[in-house]
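All remarks here apply to the structure that follows.
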Amino acid sequence: DVKVTQSSRYLVKRTGEKVFLECVQDMDHENMFWYRQDPGLGLRLIYFSYDVKMKEKGDIPEGYSVSREKKERFSLILESASTNQTSMYLCASSLYNYEQYFGPGTRLTVT
Amino acid sequence: KQEVTQIPAALSVPEGENLVLNCSFTDSAIYNLQWFRQDPGKGLTSLLLIQSSQREQTSGRLNASLDKSSGRSTLYIAASQPGDSATYLCAVTGGGTSYGKLTFGQGTILTVHP
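This is the structure we're talking about:
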């Protein structure tokens, strides 16, 4: 079975802190994605990566950056956390255009 | 820009009923369509994937159909159970070099009561 893991289930950070969210997949998938999910807004794509060191902006990249140094690992970085980045963050991976598999999510609260 | 709509937003049914969840999308140039289930506070679990060339997929009590030309998909759940209570999300992948990016609907919250 495909397994996508995220480093934390719950995270509380202060405004202005630099935050790292880590995602690891074990199925050698080329594509990896970061989404955020908010009530009333649904799931929105922040960034995605289609290969090591390759990345593209999604629909809401402002305030975020990403890093993919190894194929299995995709990190989401909040350079200076703000309260409007309080959200559920979901990582996913897929092989090309095929089925996407999601991690358990990280609920981030910025105070 | 692709838009995905799910109807109804919420559904409450007694145990044992057969039910249908609806999903529509504005741009028919999709590569595939995926149905997910999400339990409160959890990640998404993939239920079914339908390629654009397919008309339906089945897994156990679940059957998903796709009518690409009309921009519609349905998820049929047979003999519903309380354990089916969750939010069901539909998502589409665009055609071309979209690298599998998904556009999601807002979801249908399903409650199955004993």
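Protein chains in written order, with our numbering: chain A, 1 to 111; chain B, 1001 to 1114. Note that beta-carbon positions come from the ideal geometry of N, C-alpha and C, so glycine has one too. Small disclaimer: the values here were computed from a predicted structure and weren't measured.
- [ ] Alpha carbon to alpha carbon, how far is Pro1014/B from Thr1074/B? Give it in angstroms, no decimals.
- [x] Thr1074/B and Pro1014/B: Cα-Cα distance of roughly 20 Å.
Task: Beta-carbon gap between Lys1042/B and Leu45/A smaller than 8 Å - done: With a cutoff of 8 Å on beta-carbon distance, Lys1042/B and Leu45/A are scored as not near each other.
Task: Ranges of the beta strand (DSSP E) found wholly within the stretch 1066 to 1090 of chain B, counting only runs of at least 3 - done: If only uninterrupted beta strand (DSSP E) runs of at least 3 residues are considered, those enclosed by the stretch 1066 to 1090 of chain B are 1072 to 1077.
Open item on the list: Within 10 Å of its beta-carbon, does Thr1058/B have 16 or more other beta-carbons around it, so buried, or fewer, so exposed?
Closed with: Per the 10 Å Cβ criterion, exposed.
- [ ] Anything in chain A within Cβ reach of Lys1042/B, meaning under 7 Å, just list it in chain order.
- [x] Correct list: Pro104, Gly105.
Task: Residues, ordered as in the chain, of the stretch 15 to 44 of chain A that lie near chain B by beta-carbon distance below 7 Å - done: When C-beta distances to chain B are compared with 7 Å, the residues of the stretch 15 to 44 of chain A below that value are Asn31, Gly42, Leu43, in chain order.
Task: Span of the beta strand (DSSP E) around Gly42/A - done: Where Gly42/A is concerned, the enclosing beta strand (DSSP E) stretches over 42 to 51.
- [ ] Could you list which residues in chain B have their beta carbon closer than 9 Å to that of Leu90/A, in chain order?
- [x] Neighbours of Leu90/A on chain B, chain order: Gly1043, Leu1044.
Open item on the list: Closest to Thr1093/B by C-alpha separation, out of Gln1034/B, Gln1081/B, Ser1070/B, would be which residue?
Closed with: Nearest of Gln1034/B, Gln1081/B, Ser1070/B to Thr1093/B, Cα basis: Gln1034/B.
Open item on the list: Using DSSP's beta-bridge definition, name the partner residues of Met27/A.
Closed with: None; Met27/A has no bridge partner.
Open item on the list: When you compare the CB positions of Val4/A and Ser93/A, do they come within less than 8 Å of one another, or not?
Closed with: Yes, these two residues count as a Cβ contact at 8 Å.
Task: Own chain partners of Arg14/A with C-beta closer than 8 Å, once the 5 adjacent residues on each side are dropped - done: Closer than 8 Å at the Cβ level, and outside the excluded window around Arg14/A, lie Ala81, Val110, Thr111.
Open item on the list: Could you give the first and the last residue of the continuous beta strand (DSSP E) run that contains Asn1032/B?
Closed with: Segment 1030 to 1038, the beta strand (DSSP E) holding Asn1032/B.
Task: Status (buried if at least 16 other CB within 10 Å, exposed otherwise) for Asn31/A - done: By the C-beta density criterion, Asn31/A is buried, having at least 16 other C-beta atoms within 10 angstroms.
Task: Supposed contact pair Leu108/A and Leu11/A - C-beta distance, whole angstroms, cut 8 Å - done: With 8 Å as the limit, Leu11/A and Leu108/A qualify as a contact, their Cβ atoms being about 5 Å apart.
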